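What follows is a single structure, written as C-alpha cells, with notes after it.
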Amino acid sequence: MDTASERRPDTAGMLIAGVLLLIAVVIFWDTSALQLAPTYGVGPKATPYVIATGMAVLAAGNFWLSWRGDYPERESFDPKAIVLILGGLAALIAIIGLGGGFIPATAVLFAATATAFGRRAVHIDLAIGLALGFIVFLLFDKLLTLALPAGPIERLL
C-alpha cells in the first residue's frame, strides 16, 4: 500500500507540465499580438484563448499529479508502435503528394495506426479505412463543399 512517504515527485510529469504551460503562454502571447478588426460577438481570437486556457489547466493538473506522485505506473516504451504511426503519416503524405488521393491515403494511415495499437487484421483495417475515408471525403466534398486531395477514386465520385 502506498503511503505519502513512499510517493516521490515525478520529474517527467513536471517536465510535461512545463512544456504544456510554455505552449499555452506562446498561444496567449501570439494571439494577443494579432491585429484583427473588431467583430460582433465572438471574434477569431476566442478559440486560441480557449485552447491556451485549456492547456494551462492541463499543465496545472499535470504538475499537481506529478508533485504528489499520483501517476499510475507507466507502460513500457514500444518504438515499433511509434515507427508504425510515423510511417503511416509519411505514407499519407506520399500518397497524397503523388496524386493517389485522400481516401487511399487515409486507409493506409488507419491500418498503420491500428497495427501500432496491436491489431493484426491489416486487410480488414484497410477496408475499414477505405470506408471511413470515403465517408469523410463525401462529408467534406459534398456536404461542406471543401476540397480534399483528389485521386483516381475521388474523381469517380
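The working numbering applies: residue 2 is where the sequence shown begins, and numbers increase by one. No residue lacks a Cβ here, since even glycine has one placed at the ideal position from N, Cα and C. In this text, all values refer to a predicted model and were calculated from it rather than measured experimentally.
Quick one, are the C-beta atoms of residue i and residue j less than 8 Å apart?
i, j, result
"residue 109", "residue 89", "yes"
"residue 66", "residue 103", "no"
"residue 10", "residue 100", "no"
"residue 14", "residue 72", "yes"
"residue 63", "residue 17", "yes"
If you follow the alpha helix (DSSP H) that residue i is in, where does it begin and where does it stop?
i, result
"residue 146", "Element bounds for residue 146: n/a, residue is neither H nor E."
"residue 126", "123-139"
"residue 31", "12-33"
"residue 110", "103-117"
"residue 64", "47-69"
"residue 84", "80-98"
"residue 156", "153-157"
Report the option in the options whose CA atom is closest to the CA atom of residue i.
i, options, result
"residue 135", "158, 94, 11", "158"
"residue 25", "48, 55, 33", "55"
"residue 86", "96, 63, 61, 115", "115"
"residue 140", "45, 93, 155, 124", "155"
"residue 151", "105, 123, 111, 122", "105"
Work out the CA separation of residue j and residue i for me, nearest whole Å.
i, j, result
"residue 138", "residue 68", "45 Å"
"residue 12", "residue 128", "43 Å"
"residue 41", "residue 21", "31 Å"
"residue 142", "residue 133", "14 Å"
"residue 94", "residue 107", "10 Å"
"residue 79", "residue 120", "15 Å"
"residue 113", "residue 82", "9 Å"
"residue 131", "residue 146", "20 Å"
"residue 96", "residue 76", "33 Å"
"residue 19", "residue 35", "25 Å"
"residue 33", "residue 44", "13 Å"
Assign residue i to buried or exposed, taking buried as 16 or more other Cβ atoms, counted over all protein chains shown, within 10 Å of its Cβ.
i, result
"residue 118", "exposed"
"residue 48", "exposed"
"residue 8", "exposed"
"residue 91", "exposed"
"residue 60", "buried"
"residue 53", "buried"
"residue 31", "exposed"
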